[in-house]
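Here is the structure we will look at, set down as structure tokens.
There are 2 protein chains.
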Amino acid sequence: MVAHRLDEIDRKILAELQADGRMTNVELAKRVGISAPPCLRRVRALEEQGLIRGYHAEVNARELGFEVQVFAMVGLESQAEVELNAFEERCRNWPLVRECHMLNGEVDFMLKCVAPDLSSFQSFLTGQLLSTPNVASVKTSLVIRGAKDEPGVPFDVLEARLSRLA
Amino acid sequence: MVAHRLDEIDRKILAELQADGRMTNVELAKRVGISAPPCLRRVRALEEQGLIRGYHAEVNARELGFEVQVFAMVGLESQAEVELNAFEERCRNWPLVRECHMLNGEVDFMLKCVAPDLSSFQSFLTGQLLSTPNVASVKTSLVIRGAKDEPGVPFDVLEARLSRLA
DNA sequence: GCGGCTGCGCAATATTATTTCCCGGTTGGG
DNA sequence: CCCAACCGGGAAATAATATTGCGCAGCCGC
Numbered sequence: 001m002v003a004h005r006l007d008e009i010d011r012k013i014l015a016e017l018q019a020d021g022r023m024t025n026v027e028l029a030k031r032v033g034i035s036a037p038p039c040l041r042r043v044r045a046l047e048e049q050g051l052i053r054g055y056h057a058e059v060n061a062r063e064l065g066f067e068v069q070v071f072a073m074v075g076l077e078s079q080a081e082v083e084l085n086a087f088e089e090r091c092r093n094w095p096l097v098r099e100c101h102m103l104n105g106e107v108d109f110m111l112k113c114v115a116p117d118l119s120s121f122q123s124f125l126t127g128q129l130l131s132t133p134n135v136a137s138v139k140t141s142l143v144i145r146g147a148k149d150e151p152g153v154p155f156d157v158l159e160a161r162l163s164r165l166a
Numbered sequence: 001m002v003a004h005r006l007d008e009i010d011r012k013i014l015a016e017l018q019a020d021g022r023m024t025n026v027e028l029a030k031r032v033g034i035s036a037p038p039c040l041r042r043v044r045a046l047e048e049q050g051l052i053r054g055y056h057a058e059v060n061a062r063e064l065g066f067e068v069q070v071f072a073m074v075g076l077e078s079q080a081e082v083e084l085n086a087f088e089e090r091c092r093n094w095p096l097v098r099e100c101h102m103l104n105g106e107v108d109f110m111l112k113c114v115a116p117d118l119s120s121f122q123s124f125l126t127g128q129l130l131s132t133p134n135v136a137s138v139k140t141s142l143v144i145r146g147a148k149d150e151p152g153v154p155f156d157v158l159e160a161r162l163s164r165l166a
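Here the protein sequences line up with chains A and B, keeping their order. Going by full-length UniProt numbering, 98 is the number at position 98 of the first sequence; the sequence numbering is gapless. Going by full-length UniProt numbering, 122 is the number at position 122 of the second sequence; the sequence numbering is gapless.
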């Protein structure tokens, strides 16, 4: 946690770029209250420290033909580290799997998947996921509709927390 | 689904911007094989059609002090539309809840939450989520580690699918 | 008080975005 | 078959932006 090395301006920068990753540097500088050159230097520093991992366009999956979104909860036979790594590596190579998180509890992995339609997903499910060695159980849940989808971090919570420490 | 109106260049543009949302227009044009002006026109059109919803910096939540990530599966007492909307609206107002998806099956909602630490999350869980009217059950799973996290869409799958239709 | 360090802002330069204009290919009617 | 309108693409000019270099002020540690 290097957040303590960040001042309020840095956090504002992160919040602004999280909200609009294509913001101009001069616009960003204006919003955080400094001039353009030091602002750009701060952004570069944040990138090099790994606090900014990258920038991405948010695409409309549904309009692009991915109408199905599914959460899959996967249990493995063996939870040996080698087996966990092997399963994670498989997930990284499956394009339909967009996220893979290891969990505590009875379920070992939570997968977020997308697919053009139900039959595509089902053929992935039976042909790939369920036929993977060491996979003991898969429970899937279809996403009916999305109500909120804002990956990232709530900077207002961060501000409140840091000001309490000050 | 307007994907049919897109040609291969448009899809390449989307894929490139999904991978790097801050790519220069000239760089983008070079990669997709056209010159800068028409490339910019295409990007603008994609934005206006809503196929590009926005651009976001991907921040390192853990380094920023959000060390806890939790999936929460929520069941409601009543699934009447009014109640569903009410719950969704609450989720939108909870900063710790970053995603909220309505599911089929026994569980009504899947929430992805972040928090600075376990006790913050637990106080949110007991003080907010569990004490919300109409919430019948909440099962939570802590994320131990992340293996893959690439929101968005696998454009290679899209390409394969469209070429099959052609 | 005095270097040394750090971060800001200003000004100049290089790069990029954006607009304008023009050209070639394609399509549909005559 | 030809012509005209149309839809993109490219080239050049212009505006905006990013980037660099430099000097200045504030802040320690001595």
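Where a beta carbon is used, it is the ideal one built from N, C-alpha and C, also for glycine.
Item to check | CA nearest to the CA of B/ALA29, picked from B/ALA19, B/GLN18 and B/ARG42 | outcome: Counting from 1 along the second sequence, the entry for residue 29 of chain B is found at position 29. Nearest to B/ALA29 by C-alpha distance, out of B/ALA19, B/GLN18 and B/ARG42, is B/ARG42.
Checklist entry - Using a C-beta cutoff of 8 Å, does B/ASP10 count as contacting chain A? => result Within the second sequence, numbered from 1, the residue matching residue 10 of chain B stands at position 10. Not one chain A Cβ lies under 8 Å of B/ASP10.
Checklist entry - Taking the alpha-carbon positions, what's the A/GLY50 to A/LEU17 distance? => result In the first sequence, residue 50 of chain A corresponds to position 50, counting from 1. In the first sequence, residue 17 of chain A corresponds to position 17, counting from 1. Their Cα atoms are separated by approximately 14 Å.
Item to check | B/GLU99 in three-state terms, based on DSSP | outcome: Along the second sequence, read from residue 1 onward, the residue named residue 99 of chain B stands at position 99. Here B/GLU99 sits in strand by DSSP.
Item to check | Proximity test, Cβ basis, 8 Å: A/GLU77 and chain B | outcome: As a first step, residue 77 of chain A must be located in the first sequence, where it is residue number 77. Chain B, which has no Cβ nearer than 8 Å to the Cβ of A/GLU77, makes this no.
Next on the checklist: For a minimum of 3 consecutive residues, which ranges assigned as the beta strand (DSSP E) are wholly contained in the UniProt domain "HTH asnC-type" (6-67) of chain A?
Outcome noted: 52-59
Item to check | C-alpha distance - B/GLU8 paired with B/PRO37, whole-angstrom precision | outcome: Numbered from 1 along the second sequence, position 8 holds the residue referred to as residue 8 of chain B. Numbered from 1 along the second sequence, position 37 holds the residue referred to as residue 37 of chain B. Straight-line Cα distance between these residues: approximately 17 Å.
Checklist entry - DSSP on B/GLY75, reduced to helix/strand/coil? => result Along the second sequence, read from residue 1 onward, the residue named residue 75 of chain B stands at position 75. Strand, per DSSP.
Checklist entry - Which term fits B/ALA136, buried or exposed, when burial requires 16 or more other beta carbons within 10 angstroms of its beta carbon? => result Residue numbering aside, residue 136 of chain B sits at position 136 when the second sequence is read from its first letter. Exposed.
Checklist entry - Where DSSP assigns a beta bridge to A/ASP149, which residues make up the other side? => result As a working mapping, residue 149 of chain A is identified with position 149 in the first sequence. For A/ASP149, which the question treats as bridged, DSSP gives the partners B/GLU99.
Next on the checklist: Let me see if you follow: with CB-CB separation under 8 Å, is A/ILE144 close to chain B or not?
Outcome noted: Here residue 144 of chain A refers to the residue found at position 144 when the first sequence is read from its first residue. For A/ILE144, the answer is yes, since a Cβ of chain B falls inside 8 Å of its Cβ.
Checklist entry - Which value, in whole angstroms, describes the spacing of the CA atoms of A/THR27 and B/THR24? => result In the first sequence, residue 27 of chain A corresponds to position 27, counting from 1. In the second sequence, residue 24 of chain B corresponds to position 24, counting from 1. Note that residue 27 of chain A is Glu in the sequence shown here, rather than Thr. The C-alpha of B/THR24 is placed about 17 Å away from the C-alpha of A/GLU27.
Checklist entry - Any Cβ of chain B within less than 8 Å of the Cβ of A/LYS30? => result To locate residue 30 of chain A, count along the first sequence from 1; it is residue 30. So no, A/LYS30 is outside the interface.
Next on the checklist: Taking the straight line between their C-alpha atoms, what separation do you get for B/GLY75 and A/SER120?
Outcome noted: Counting from one through the second sequence, the residue named residue 75 of chain B turns up at place 75. Counting from one through the first sequence, the residue named residue 120 of chain A turns up at place 120. Each residue's alpha carbon lies about 28 Å from the other.
Checklist entry - In chain B, what lies closer than 8 Å to A/PHE71 by C-beta? => result Start at 1 with the first residue of the first sequence, and residue 71 of chain A comes out as number 71. Residues of chain B passing the Cβ test: HIS101, LEU103 and MET110.
Checklist entry - Going along chain A, which residues have a C-beta under 9 Å from B/LEU14? => result Start at 1 with the first residue of the second sequence, and residue 14 of chain B comes out as number 14. Those within 9 Å of B/LEU14 in chain A are ALA57, VAL59 and LEU64.
Item to check | Simplified DSSP state of B/SER119, which is helix, strand or coil | outcome: Numbered from 1 along the second sequence, position 119 holds the residue referred to as residue 119 of chain B. Helix at B/SER119.
Next on the checklist: Tell me which residue opens and which closes the alpha helix (DSSP H) that A/VAL82 is part of.
Outcome noted: Against the first sequence, residue 82 of chain A aligns to sequence position 82. Where A/VAL82 is concerned, the enclosing alpha helix (DSSP H) stretches over 81-93.
Checklist entry - Which of the three DSSP states, helix, strand or coil, is assigned to B/VAL107? => result The residue given as residue 107 of chain B occupies position 107 in the second sequence. B/VAL107: coil per DSSP, three-state reduction.
Checklist entry - Is the distance from the Cβ of A/LEU118 to the Cβ of A/ARG11 below 8 Å? => result Residue mapping note: residue 118 of chain A aligns to position 118 of the first sequence, counting from 1. Residue mapping note: residue 11 of chain A aligns to position 11 of the first sequence, counting from 1. Against a cut-off of 8 Å, the Cβ pair of A/ARG11 and A/LEU118 comes out as no contact.
Next on the checklist: Per DSSP, what are the beta-bridge partners of B/VAL138 in this structure?
Outcome noted: Stepping through the second sequence from its first residue, residue 138 of chain B is reached at position 138. Under DSSP, B/VAL138 takes part in a beta bridge, and its partners are B/VAL74.
Checklist entry - So B/HIS101 packs on A/ALA61, CB below 8 Å; how close in whole Å? => result In the second sequence, counting from the first residue as 1, residue 101 of chain B sits at position 101. In the first sequence, counting from the first residue as 1, residue 61 of chain A sits at position 61. Between A/ALA61 and B/HIS101 the Cβ distance is about 13 Å, and since that is not below 8 Å, they are no contact.
Next on the checklist: Is there a Cβ of chain B sitting closer than 8 Å to that of A/ALA147, yes or no?
Outcome noted: Working through the first sequence from its first residue, we reach residue 147 of chain A at position 147. Closer than 8 Å: yes.
Checklist entry - Is it buried or exposed for A/ALA57, if we count other Cβ within 10 angstroms and need 16 for buried? => result If you number the first sequence from 1, residue 57 of chain A lands on position 57. With 16 or more Cβ atoms within 10 Å of its Cβ, A/ALA57 is classed as buried.
Checklist entry - Are the beta-carbon atoms belonging to A/ALA115 and A/LEU129 less than 8 Å from one another? => result Counting from 1 along the first sequence, the entry for residue 115 of chain A is found at position 115. Counting from 1 along the first sequence, the entry for residue 129 of chain A is found at position 129. Cβ atoms of A/ALA115 and A/LEU129: not closer than 8 Å.
Next on the checklist: Please classify A/GLU89 as buried or exposed, where buried requires at least 16 neighbouring CB atoms within 10 angstroms.
Outcome noted: Stepping through the first sequence from its first residue, residue 89 of chain A is reached at position 89. A/GLU89 should be labelled exposed.
Checklist entry - Which residue's Cα is closest to the Cα of A/LEU142: B/ARG31, B/LEU84 and B/ASN104? => result Residue 142 of chain A sits at position 142 when you count from the first residue of the first sequence. The shortest C-alpha separation from A/LEU142 is found at B/ASN104.
Checklist entry - If the cut is a Cβ gap below 9 Å, which residues of chain B does A/GLN18 touch? => result Numbered from its first residue, the first sequence carries residue 18 of chain A at position 18. Near A/GLN18 (Cβ distances below 9 Å), the residues of chain B are HIS56, ALA57, GLU58 and VAL59.
Item to check | Contacts of A/GLU27 in chain B (Cβ-Cβ under 9 Å) | outcome: The residue you call residue 27 of chain A lines up with position 27 of the first sequence. The contacting residues do not exist; A/GLU27 stays about 13 Å from chain B at best.
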